[in-house]
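Novice: Sequential numbering of the sequence shown, starting at -13, is according to my numbering.
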Amino acid sequence: METQHTPDYVKSLATSFSDDENMAASISSGTHKTNGMIIIPCSMKTLSSIANGYDETLVARAAAVTLKESRKLVLVTRETPLTSINLENMLKLARIGVIILPPMPGFYTKPKSIDDIVNHTVGKCLDQFGIEHTLYKRWQSN
């Protein structure tokens, strides 16, 4: 795990939870209303599955449904360096409107902690959905 939080603690924060193998979960259907989807972190395997229509997991299926229903999809990719295959899959998805949002902090905010860096990425995700926040300081000219 990347944090000190246990999976059970993270699950307790959610309003609902489905196992990634549960292809009958409500999120796998277009009738399940959402404003969109953020996959964070998004591995290159998941990105490839989405780009190529291979819905073998609930995450990939829910992403396919998000696209099918013309809802916003944001992928926060996590791997580096990237291969040309990774870049081609990202381009393929970007061309159909998927937001590719690598966790690249704006150092103009002068982050003082890991939390500041994480909050910048989370804030950028929230911005994609028009959700107001104060997770990072916005750029202002002098």
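For glycine and all other residues, C-beta sits at the position ideal for the given N, C-alpha and C.
#1: So, for Val108: in the same chain, excluding its five sequence neighbours on each side, which residues have a beta-carbon less than 7 angstroms away from its beta-carbon?
#2: So, using beta-carbon positions, are Ser4 and Leu61 closer together than 8 angstroms?
#3: What did DSSP end up calling Met129 once you bin it into helix, strand or coil?
#4: Looking only at C-alpha atoms, which of Phe93, Glu118 and Leu73 sits nearest to Lys31?
#5: So Leu79 and Ala37 are supposed to be a Cβ contact under 8 angstroms. How far apart are they, rounded?
#6: Hey, how far is the Cα of Leu53 from the Cα of Leu59?
#7: Name the residue from Ser12, Met9 and Pro91 whose alpha carbon lies nearest to the alpha carbon of Val104.
#8: For a cutoff of 8 angstroms on Cβ pairs, would you count Tyr94 as touching chain D?
#9: Where do the ends of the beta strand (DSSP E) carrying Gly22 lie?
#10: If I follow the unbroken alpha helix (DSSP H) through Lys58, where does it start and stop?
#11: Is it buried or exposed, Lys110, if we count other Cβ atoms within 10 angstroms and call 16 or more buried?
#12: Can you tell me which of the three DSSP states Ile86 falls into?
Specialist: Taking the geometry as given:
#1: Leu121
#2: no
#3: Only positions -13 to 128 of the chain appear in this structure, which leaves residue 129 out of reach.
#4: Leu73
#5: Going by Cβ atoms, the distance from Leu79 to Ala37 rounds to 5 angstroms, so yes, they are a contact pair.
#6: 7 angstroms
#7: Pro91
#8: Of the protein chains in the structure, only one exists, and it is not chain D.
#9: Gly22 to Cys28
#10: Element bounds for Lys58: not the alpha helix (DSSP H) but the beta strand (DSSP E), Lys58 to Thr63.
#11: Looking at its Cβ environment, which holds 16 or more other Cβ atoms inside 10 Å, Lys110 is buried.
#12: strand
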